[in-house]
Each structure stands twice: as structure tokens, then as C-alpha cells.
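Colleague:
2 protein chains.
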Amino acid sequence: MPRDTLTREQIVDAAIELLDARGLDDFGMRTLGKRLGSAATAMYWHVGSKDDLLALAADRVWSEIALPDPAVTGWRAAATQMATGLYAALTRHPWLVQTFGSLVLYGPGKARHDDHGLAVYEAAGFAGADADRAATAVFTFVLGNALGVAAATTLARRGKTGMRATLANAKAIAAQYPRLRARLETPAARHGASPAGAFQLGLEALLDGLEARLPARRKPASRRA
Amino acid sequence: MPRDTLTREQIVDAAIELLDARGLDDFGMRTLGKRLGSAATAMYWHVGSKDDLLALAADRVWSEIALPDPAVTGWRAAATQMATGLYAALTRHPWLVQTFGSLVLYGPGKARHDDHGLAVYEAAGFAGADADRAATAVFTFVLGNALGVAAATTLARRGKTGMRATLANAKAIAAQYPRLRARLETPAARHGASPAGAFQLGLEALLDGLEARLPARRKPASRRA
DNA sequence: GCGCTGACTTGTACACCGTTCAAATAGACA
DNA sequence: TGTCTATTTGAACGGTGTACAAGTCAGCGC
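Protein sequences, first through last, are from chains P and Z.
Under our numbering, residues 9 to 233 are what the first sequence spells out, in order.
Under our numbering, residues 9 to 233 are what the second sequence spells out, in order.
Below you can see the structure in the form of C-alpha cells.
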């Protein structure tokens, strides 16, 4: 048994914890080293670079998303569960969407997730490239919603005083546009615009629209072959 | 007339050019200063900070998006045009989505855009918070698609040699999952999964789904009040 | 038990980054 | 011409990610 030595897994775990707790901006190798009780540069023997570590952390998140079997729940329920599961994961780990556009991340976790996404839409009746398009459409929809949430999280983390100023500024700008002003005046409307509500509505609408595009199936009754 | 001195507009212009040409990673104050023929720190008299500058650049992009009048084209065409216009802008300026999640950006340009989005969905027949949800759903859908494109752009920029290695690695991983492997073997399918295709399909499906949720309208013939 | 070996860790150092600030500069106006 | 004020400059600071040579320590053959 070697002396208690660092592990890739250990490092990735600590990285995720740190990222979740303090945000992407405050995530640095020195801080991570301190949390692990090691020198700042000890991790480089195990991970190669900070970007590699981020990719590893991202893939870990991906592999933790539940993959419901469409044969059991039906494709639509499976699609909904996958989408909401992904949304929840990305909301829990905002740094993932924040880095998604700048990092090259493709590991087993994401592959597993992608493959299952295709399985769901193939089970629905989409063939070949259509399954790809459907899966990608829903995936990117979730991604965009999570990005909006991440932006809000970032704002909230920026200390109370700074946030109050930005908010006041935003209100002053919004007041110059009629519909935004109306929403400022009736706070109920603003509350209704919570990201979760838009996500749910959008997801259902999107799945409805996809379902309507499904090639004709043999069902109890079908109009065309 | 003062000597030819720097301007906020000038700086923002140069920043956008630099960001578009070299990407977010290679965008630094010193490089920007060199491009402007000024000292690296000259910009700080005009903009406050790098993040401020990015927010300014982002808002500039936002204000350049065309806002079609739903009263002229019909709400659905207006919604489609807005979404595709936004998609095009975000694809042209990938750094915008890359920073969207980490930056606090809310200026007149975005307000203008948001307000018009609400106008479109109110014209469609959504009231109050429902218009908010519909507009947000479509907006975030576009955002997510653009983020996917940004990720691809980043990958493409990372030099040919590095890209070839990453691609080979990705193929090795994908080969372990049946549906991804099938797509590797028939490159036609992979071509069909182009982001633009998924965007178009998803947008139409989403708008279909939203349209179906519209409260009953007085139309030539309507089944229910 | 000893010393070798190779896996891991450490500290130092480097280049670069965003940003601060006092000093220099140069147009405008008296 | 001299002064004022708006702008620019260059040097410097603390921070970052990372390379690298030197150190440390478990395990193993003798």
C-alpha cells in the first residue's frame, strides 16, 4: 500500500466541490492545492492542465445523469426525464455551461449521454439524421436555459452591494421600453418569468412540436400509411 | 477639435474585431492596445475594466439585430426572423455566448431586443407572464444552439494538430456506444447532424408547440370560444 | 537491514495577465 | 505665452497557470 497519495478521482472530486462552492472565477490551482493539502503544482502529475481538469470534472457530471429507459416509460417520458435531469445537473454546476463554449470536452460520460439521447428519439420513431436533429434540438434547448440560470447565479455571487447597483441600473434601462416597464410595475409578471417556468413550457412545447413531426406510426388508427 | 483621441466607440469597435478574429482566449488588453496604436493601459480611462468592455461589446451586437414588425409579417414570421437573426449574430460572435454565463450584461441593446421579443409574443396572443415564458423559451433555445456552435468554433481554432488528436480520441470513445458508432460508420448521418439543421428543426417544432398553446383566437372559424 | 529504484511531491522560477497610479503630454483658452 | 484640464504613458504590483530540477518516500531484491 503506497503512502496516501493523490488520485485523479480525488482531484476531480475536490475540483467539483470547489467549483460548486466558489464559482468558476475563484477556481484556481493554488486554491485547489490548498484544499487538498498539497502543493499547488502537485496536481500536474495527474491531470496535465487546468483545462484537462475542467473537462474531467465536466465528464463526471455528465456520467451522473440518470438515463431512463424509453421502453419502460415511453419515449416522451424518457425524453422529459433526460432533459430535466440534465437541466438540474447543469443548474447545480453552473461552471459546466460557462466552460462549455470554450472547452473541448468529450469523454465517456458525455458519449454515454449522447448515445442514450439518440436511443430515446429513435424509440420515438425518428430515423437516422432526424433522431440526431431531434436529440440535438432538445439538448441545446436545455443548454441555453442552463446558461441563463448560470448568468443569474454569477450575478448573485457578485456581492450584495455590486448587485444592488447593477439592478438599479438595469431597472433604469428597462424603464425606457414599454413592455419591460410594465413588468417592472407589476412584480407578479416578473415572478412569472422565472427561468424554471420558461424551461418547462418550452420543453413541453418543443416535444409537442417534435411529436407532431414524427413519421406516421402504426397505431390503433392512422390516417395515412 | 481635440487631437485624435480614443473613443469608447472606437475601443468597442476594435474589441469586437479582435474578438471575432482571434477568439476570446487571445483577447487581452495589451493586444487590443497594440491594435489601437496606444499604450496597453490607455483604455482604462474610457471603459473601467475588461469585463465592462466585454459587456459593451456584447450590447453593441445586441443592438444590431433586426427587429421585424409582427404587425407587418405576422407574429410567426417575426418570431422566426428574430430567432434566426439572433442565431446568426451569436454565431458570428462566438465570444458572446461564451461570456454570457459569466458576465453581467444588460444594456440598452439587450433591453431593446427583449422588449421587442415580448411584443412579438404578445402580438401572437400570449398575455402577461405567458409572453415572457414564450419569449424566454425561444431565446434560450437560440442561446443553447449558439453555444454548441461556439464550442465547435473553439475546437476548430485550436490548431490542426491538436484537433486531429482530439478528434481521434473522440472517435475511439464514440466507437464504444452503438448509436454513435453507427454514425461514425455512415458519415452521411454525421453530416445530417449539422448544428444548423437541428436549429431549424428545433425552432419550427418549438414555435409549433407554442402556437398550439395559444389561447383561442377569433379566426375565420374556431371550434371553441 | 540496506540501498536502489521509480512513483510521486515540493519549491522555485518564468512569462503573462488585468489593473493602479504618478508623471508626462498636448490641445484649448485667457 | 502661460495655465488648465483632458488624455496618455510607462513602470510597477499582485495574481495566474505551468515547467522543471530537486527532494522524499514506499516497495523490493539482496
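From the three backbone atoms N, C-alpha and C, an ideal C-beta is built for every residue, glycine too.
1. Say whether the region 145-161 of chain Z touches the region 96-107 of chain Z, bearing in mind that this needs 3 or more beta-carbon pairs closer than 8 Å, one atom from each stretch.
2. Taking just the CA atoms, how far does Z/R191 sit from Z/P203?
3. Where does Z/M37 fall in DSSP's three states?
4. Given that Z/F108 touches chain P, what residues does it touch there, using C-beta distances under 7 Å?
5. Looking at chain Z, is there any beta carbon in it that lies within less than 8 Å of the beta carbon of P/P186?
6. With distances taken Cα to Cα, identify the nearest neighbour of Z/N177 among P/A213, P/L214, P/G115, P/Y185.
7. Quick one: Cα of Z/R187 to Cα of P/P102, how far?
8. From P/V112 to Z/A85, what does the alpha carbon distance come to, in whole angstroms?
9. Reducing DSSP to helix, strand and coil, say where Z/A135 ends up.
10. Under three-state DSSP, which class holds P/R43?
11. Using 8 Å for Cβ pairs, my map puts P/R43 next to P/L26. What's the rounded Cβ distance?
12. Check each candidate in P/A23, P/R221, P/L75, P/A91 and name the one with the smallest Cα separation from P/A63.
13. Over the uninterrupted alpha helix (DSSP H) stretch that includes P/G210, give me the two end residues.
14. In terms of alpha-carbon separation, which member of P/D67, P/V69, P/Q89 lies closest to P/L75?
15. Output, in chain order, the set of chain Z residues within a Cβ distance shorter than 8 Å of P/G133.
16. Taking Cβ positions only, does P/L61 come closer than 8 Å to chain Z?
17. So what's Z/A229 in DSSP terms, helix, strand or just coil?
18. Around the C-beta of P/V80, are 16 or more other C-beta atoms found within 10 angstroms, so that it is buried, or is it exposed?
19. What do you reckon, are the CB atoms on P/G109 and P/F149 nearer than 8 Å?
20. DSSP three-state label for Z/P102, please.
21. Could you give the distance in angstroms between the alpha-carbon of P/R30 and the alpha-carbon of P/D21?
22. Measuring straight from C-alpha to C-alpha, what distance separates P/Q106 and P/V55?
23. Helix, strand or coil: which one does DSSP assign to Z/Y185?
24. Indicate whether at least one CB of chain Z lies closer than 8 Å to the CB of P/L214.
25. Roughly how many angstroms lie between the CA atoms of Z/A213 and Z/W83, to the nearest whole one?
26. Can you confirm whether the region 170-184 of chain P touches the region 129-139 of chain Z when touching is taken to mean that 3 or more C-beta pairs between the two stretches lie within less than 8 Å?
27. What are the uninterrupted segments assigned as alpha helix (DSSP H) that are 4 or more residues long and contained completely in the region 134-166 of chain Z, given in chain order?
28. Step through the CB atoms of chain P and report whether any lies within less than 8 Å of the CB of Z/P102.
29. Starting from Z/D77, trace the alpha helix (DSSP H) in both directions and tell me its first and last residue.
30. Please report the residue range of the alpha helix (DSSP H) in which Z/L26 lies.
31. Taking the alpha helix (DSSP H) that P/L64 belongs to, which residues open and close that run?
32. Would you verify that the beta carbon of Z/D28 is, or is not, closer than 8 Å to some beta carbon of chain P?
33. Which value, in whole angstroms, describes the spacing of the CA atoms of Z/G170 and Z/Q208?
34. Mind listing the chain P neighbours of Z/L64? Cutoff is C-beta to C-beta under 8 Å, in chain order.
35. Show which residues of chain Z have a CB atom less than 7 Å away from the CB atom of P/T39.
36. Name the chain P residues whose beta carbon is nearer than 7 Å to that of Z/R221?
Modeller: The structure says:
1. Yes: the two stretches touch, three or more of their Cβ pairs being nearer than 8 Å.
2. Locating residue 203 of chain Z in the second sequence gives position 195, counting from the first residue. Locating residue 191 of chain Z in the second sequence gives position 183, counting from the first residue. C-alpha of Z/P203 to C-alpha of Z/R191: approximately 15 Å in a straight line.
3. The count along the second sequence starts at 1 and reaches residue 37 of chain Z at position 29. DSSP places Z/M37 in helix when its eight states are reduced to three.
4. In the second sequence, the residue the question calls residue 108 of chain Z occupies position 100. Chain P residues near Z/F108: L155, A159.
5. The sequence position of residue 186 of chain P within the first sequence is 178, counting from 1. At least one chain Z Cβ lies under 8 Å of P/P186.
6. By 1-based counting over the second sequence, the position of residue 177 of chain Z is 169. For Z/N177, the nearest C-alpha among the options comes from P/G115.
7. Position 179 of the second sequence, counting from 1, holds the residue named residue 187 of chain Z. Position 94 of the first sequence, counting from 1, holds the residue named residue 102 of chain P. Straight through space, the alpha carbons of P/P102 and Z/R187 are spaced by roughly 29 Å.
8. For the purposes of this step, residue 112 of chain P is taken as residue 104 along the first sequence, with counting starting at 1. For the purposes of this step, residue 85 of chain Z is taken as residue 77 along the second sequence, with counting starting at 1. Cα to Cα, the separation comes out at about 35 Å.
9. The sequence position of residue 135 of chain Z within the second sequence is 127, counting from 1. In this structure, Z/A135 counts as coil in the three-state DSSP scheme.
10. The residue you call residue 43 of chain P lines up with position 35 of the first sequence. Reduced to three states, the DSSP call for P/R43 is helix.
11. In the first sequence, the residue the question calls residue 43 of chain P occupies position 35. In the first sequence, the residue the question calls residue 26 of chain P occupies position 18. Going by Cβ atoms, the distance from P/R43 to P/L26 rounds to 6 Å, so yes, they are a contact pair.
12. For the purposes of this step, residue 63 of chain P is taken as the residue at position 55 of the first sequence. That would be P/A23, whose Cα lies nearest to the Cα of P/A63.
13. Reading the first sequence from its first residue, position 202 is the one you call residue 210 of chain P. Bounds of the alpha helix (DSSP H) holding P/G210 are 203-220.
14. Looking up residue 75 of chain P in the first sequence gives position 67. Looking only at P/D67, P/V69, P/Q89, the smallest Cα-Cα distance to P/L75 is reached by P/Q89.
15. Residue mapping note: residue 133 of chain P aligns to position 125 of the first sequence, counting from 1. Listed along chain Z, no residue sits closer than 8 Å to P/G133 by beta-carbon distance, the nearest being about 14 Å off.
16. Locating residue 61 of chain P in the first sequence gives position 53, where the first residue counts as 1. False, the Cβ-Cβ gap to chain Z never drops below 8 Å.
17. As a working mapping, residue 229 of chain Z is identified with position 221 in the second sequence. Because the pLDDT at Z/A229 is just 40, under 50, the model does not fix this residue reliably, and the value given afterwards should be weighed accordingly. In the three-state DSSP reduction, Z/A229 falls in the coil class, being neither helix nor strand.
18. Residue 80 of chain P sits at position 72 when you count from the first residue of the first sequence. Counting every other CB atom within 10 Å of its CB across the protein chains shown gives P/V80 a total below 16, marking it as exposed.
19. Position 101 of the first sequence, counted from the start, is the residue given in the question as residue 109 of chain P. Position 141 of the first sequence, counted from the start, is the residue given in the question as residue 149 of chain P. Not closer than 8 Å, so no.
20. For this step, residue 102 of chain Z is matched to residue 94 along the second sequence. Judged by DSSP in its simplified three-state form, Z/P102 adopts helix.
21. Residue numbering aside, residue 30 of chain P sits at position 22 when the first sequence is read from its first letter. Residue numbering aside, residue 21 of chain P sits at position 13 when the first sequence is read from its first letter. Approximately 14 Å between the Cα atoms of the pair.
22. If you number the first sequence from 1, residue 106 of chain P lands on position 98. If you number the first sequence from 1, residue 55 of chain P lands on position 47. Going by the C-alpha atoms only, they are around 21 Å apart.
23. Start at 1 with the first residue of the second sequence, and residue 185 of chain Z comes out as number 177. Looking at Z/Y185 - three-state DSSP - the assignment turns out to be coil, as it is neither helix nor strand.
24. Translated into positions along the first sequence, residue 214 of chain P becomes position 206. Yes, because at least one Cβ of chain Z sits closer than 8 Å to the Cβ of P/L214.
25. Position 205 of the second sequence, counting from 1, holds the residue named residue 213 of chain Z. Position 75 of the second sequence, counting from 1, holds the residue named residue 83 of chain Z. One alpha carbon belongs to Z/A213, the other to Z/W83, and they sit about 16 Å apart.
26. Two segments are said to touch when three or more pairs of C-beta atoms, one from each, lie closer than 8 Å; by this definition the region 129-139 of chain Z does not touch the region 170-184 of chain P.
27. With a minimum length of 4 residues, the continuous alpha helix (DSSP H) runs that stay inside the region 134-166 of chain Z are 137-165.
28. The residue you call residue 102 of chain Z lines up with position 94 of the second sequence. Answer yes: the Cβ-Cβ gap between Z/P102 and chain P drops below 8 Å somewhere.
29. Position 69 of the second sequence holds residue 77 of chain Z. Note, Z/D77: premise wrong, no alpha helix (DSSP H); not H, not E.
30. Here residue 26 of chain Z refers to the residue found at position 18 when the second sequence is read from its first residue. For Z/L26, the enclosing alpha helix (DSSP H) begins and ends at 16-30.
31. As a first step, residue 64 of chain P is located in the first sequence; it is residue number 56 there, counting from the start. Unbroken alpha helix (DSSP H) run through P/L64: 58-71.
32. Position 20 of the second sequence, counting from 1, holds the residue named residue 28 of chain Z. Under the Cβ distance rule, Z/D28 does not count among the residues neighbouring chain P, no pair being separated by less than 8 Å.
33. Numbered from its first residue, the second sequence carries residue 170 of chain Z at position 162. Numbered from its first residue, the second sequence carries residue 208 of chain Z at position 200. C-alpha of Z/G170 to C-alpha of Z/Q208: approximately 31 Å in a straight line.
34. Here residue 64 of chain Z corresponds to residue number 56 of the second sequence, with the count starting at 1. The premise fails here: Z/L64 is roughly 13 Å from chain P at the closest Cβ pair, so nothing lies under 8 Å.
35. One-based indexing of the first sequence puts residue 39 of chain P at position 31. Residues of chain Z passing the Cβ test: none, with the nearest at roughly 18 Å.
36. The residue labelled residue 221 of chain Z in the question sits at position 213 within the second sequence. At a beta-carbon threshold of 7 Å, the residues of chain P lying near Z/R221 are A213, ordered along the chain.
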